[in-house]
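Here is the structure we will look at, set down as structure tokens.
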Amino acid sequence: MPIPSVSLSVKNASVKEWLNRLPLLICAFGILVRSVQYLSNRSIWLDEARLLLNIVERSYLDLLRPLDHNQAAPPGFLLVERLNLELFGNNEYALRLFPFICGILSIFVFYQLAKQLLPKSTFLIALVLFNCMPRLVYFSSEAKQYSSDLFVALLLTWLLYHWRDRVLTLKQQLLLGAAGVVAISFSHPAVFTLGGMEAALFLMAGKQRWQRLKNRMPAYVMWLAAFAALYFLMVQSTLEANEELVDSWGRRYPTSILDVGWLINNVATKYCGYFYSFLGASTLIDIIVTLVFLVGCVAFYRRDRRNFFILAAPVGLTLIAAYLQKYPFQERLILFLTPFFVMMTAIGIQTFFTQIRPFFFRIVAIVLASILLVSPVVQAATRIAKPQKIEEVRSITEYMMNHYQVGDGIYVYRRCFRQFIYYANRASFPAENYKLGNATLPRHAEATPADLANFKKDIAPFDGKARTWVLVCRANKNKGTIEQQFDQLGKRIDEFKPSGATAYLYDLR
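In terms of UniProt numbering, the sequence shown opens at residue 1 and continues consecutively.
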């Protein structure tokens, strides 16, 4: 009877080998999804165009001055983007290459960090979430600094945690200091990771805290010098020169230190809910995700109080900065805090799977946890078949150039003009052939009579023109209103509708 025993042993060994490979398979899937999204080569959209117009039009030195188009970005990121532009040309692949590389490398750093901090079953859940969450996939192919913010935060977290109890040699002190300097030059929120984690480690060092402070003082001095230089040479002038940026941030801050409603809302919707917004803008989803996240926080705190405070400290410091009205605690600006959110959510999901006892509540908990775990995987798989697109202005510009006739007029709706300028300049499209609109209509509300009057005034110069192209995007609820206004002026003779944008051709005689 030994044969069945041998067969069962071989089968168990095969299952164990497969389970050992599972983390690498999850990472491979994450790399695949990010690669497909990057290689889909979607059109530059508004948020990217605002920044890229600076990178394309400026020299290396000029990029260190306040940016145009209501933009701010760390100098290291800007210089790398400019270098890629010169090395590989003015194209989407070149300008998204650095964020893409950071997105791929983030997978491997998170793998090491989570493996060190989490039990194996929870580690697998965290790995699935990190590799599949649509926000993380998307920003790996966005020509903005958010993917590199995340990578820098992960790298700093791994380094500071790895050296948390080490007495540093002078060489290590200088290395730690240099790592912080480079991080600050590449990521504005790197200061929250550096300051938060080191503050937590200092407070928990007990009798050794002052010795620890002395041992790391050279690194701290280097960090402070780098931050002061960045702030006084770039950040301060950027804030002074970009009133629109400051105003937009100002609307996102709490009104006072007692504004508890802001804290609850931003943790629930702008932090937890943000990563699951692909399930729909729903208060119920926000509540479920926040509940699972908080359960994970409590469970991790009970299991490993010291590591909980080390990982949570950057979140706490970022919240303090928001209450001081120095840094918004919202959406992509806090993407660098993803590691803490993912780990706590993974622990919360694991807790829902295993710890809730009453039968009915256990069934409900398992269903909810399964939705939060499976949904990102389904969404990621969907992105392989259909990569995300936003505003295909490139396709429209190419279509217009292929069908353009001498004497055609071109009207570009205001919310499209930066994207259009980027592609028009790239294709050497003559500036005298188009008019950039000044009027906008509300995106999510009906246009008022005053809005319509301004828009009619904006398009009046085209009345009576034989052929006029109209480029529209980001009009949302009032897209039909724009169509209606031009339909009243003349006859629509052609239209082209790729994803997120539309081109019309009118005869307005």
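Ideal placement from N, C-alpha and C gives every residue a C-beta, glycine not left out.
The structure presented is a predicted model; accordingly, all values stated were derived computationally and were not measured.
| query | result |
| --- | --- |
| Going by DSSP in three states, M1 sits in which element: helix, strand or coil? | Residue placement at M1 cannot be trusted, given a pLDDT of 48 that sits under 50; what the coordinates show is reported in the next sentence. Note: M1 maps to coil in three-state DSSP. |
| Using beta-carbon positions only, say whether A205 and R212 come within less than 8 Å of one another. | yes |
| Please identify the residue among A299, L452, L311 whose C-alpha is closest to the C-alpha of Q350. | A299 |
| Give me the Cβ distance between L97 and N84, rounded to the nearest whole Å; I'm assuming they're in contact under 8 Å. | 5 Å |
| Report the start-end ranges of each alpha helix (DSSP H) in the segment 460-498 that is 4 residues or longer and not cut off at the edges. | 479-489 |
| Beta strand (DSSP E) containing L129: first to last residue? | Looking at the DSSP string, L129 is not in any beta strand (DSSP E); the run it does join, the alpha helix (DSSP H), is 120-132. |
| Going by the CB atoms, is the gap between L95 and Y422 shorter than 8 Å? | no |
| Which term fits N402, buried or exposed, when burial requires 16 or more other beta carbons within 10 angstroms of its beta carbon? | exposed |
| Contact check, R467 vs D408 under 8 Å by CB: the rounded distance? | 5 Å |
| From the DSSP output, read off the bridge partner residues of A501. | C473 |
| Short check: CB of T283 to CB of V267, under 8 Å? | no |
| Check this for me: beta carbons of A49 and Q419, under 8 Å apart or not? | yes |
| Once you ignore the five residues that flank D494 on each side, which residues in its own chain have a CB closer than 6 Å to its CB? | L505 |
| Quick one: is N41 buried, meaning 16 or more other Cβ sit within 10 Å of its Cβ, or exposed? | exposed |
| Can you tell me which of Y138, P74, Q112 puts its alpha carbon nearest to the alpha carbon of A126? | Q112 |
| I'd like the list of long-range same chain contacts for Y399, defined as Cβ closer than 7 Å, with 5 residues on each side in sequence excluded. | F496, A503 |
| Using the three-state DSSP reduction, which class does L258 fall into: helix, strand or coil? | coil |
| What's the call for W18, buried or exposed, on a 16-neighbour Cβ count within 10 Å? | exposed |
| Three or more C-beta pairs under 8 Å: does that hold for the segment 356-365 against the segment 308-318? | no |
| Any idea what DSSP makes of L508, helix, strand or coil? | coil |
| Are the beta-carbon atoms belonging to V472 and A427 less than 8 Å from one another? | no |
| Would you kindly report the start and end of the unbroken alpha helix (DSSP H) that includes I288? | 283-303 |
| According to DSSP, simplified to helix, strand and coil, what is L324? | coil |
| Note down, in chain order, each residue of its chain lying with its Cβ closer than 7 Å to the Cβ of D62, except the 5 sequence neighbours on either side. | none |
| Can we say the segment 446-461 touches the segment 386-399, given the rule of at least three CB pairs closer than 8 Å? | no |
| What's the C-alpha gap between S499 and L46? | 14 Å |
| Cβ atoms of L87 and S60: under 8 Å apart, would you say? | For the sequence presented, residue 60 should be read as Tyr rather than Ser. Going by C-beta atoms, Y60 is not nearer than 8 Å to L87. |
| Can you tell me where the alpha helix (DSSP H) with G180 in it begins and where it stops? | 170-186 |
| Runs of 4 residues minimum, wholly inside the segment 22-91: which ones carry the alpha helix (DSSP H) assignment? | 46-57, 75-88 |
| Quick check: the Cα distance between Q37 and F227, rounded to an integer number of angstroms? | 34 Å |
| Can you find the residues in the same chain that come closer than 6 Å, C-beta to C-beta, to R443, ignoring five residues on each side of it along the sequence? | N476 |
| Shortest alpha-carbon distance to R209 belongs to which of V167, A178, A241, P189? | V167 |
| Evaluate S147 with the Cβ neighbour count: other Cβ atoms within 10 Å of its Cβ, from every protein chain shown; 16 or more gives buried, anything less gives exposed. | buried |
| Per DSSP, I101 is paired with what? | In the DSSP output, where bridge partners are listed per residue, I101 has none listed. |
| Among L368, I44, P339, which residue has its Cα nearest to the Cα of F352? | L368 |
| Which whole runs of the alpha helix (DSSP H) in the segment 181-267 are 4 residues long or more, in chain order? | 190-203, 209-230, 236-241, 243-250, 260-265 |
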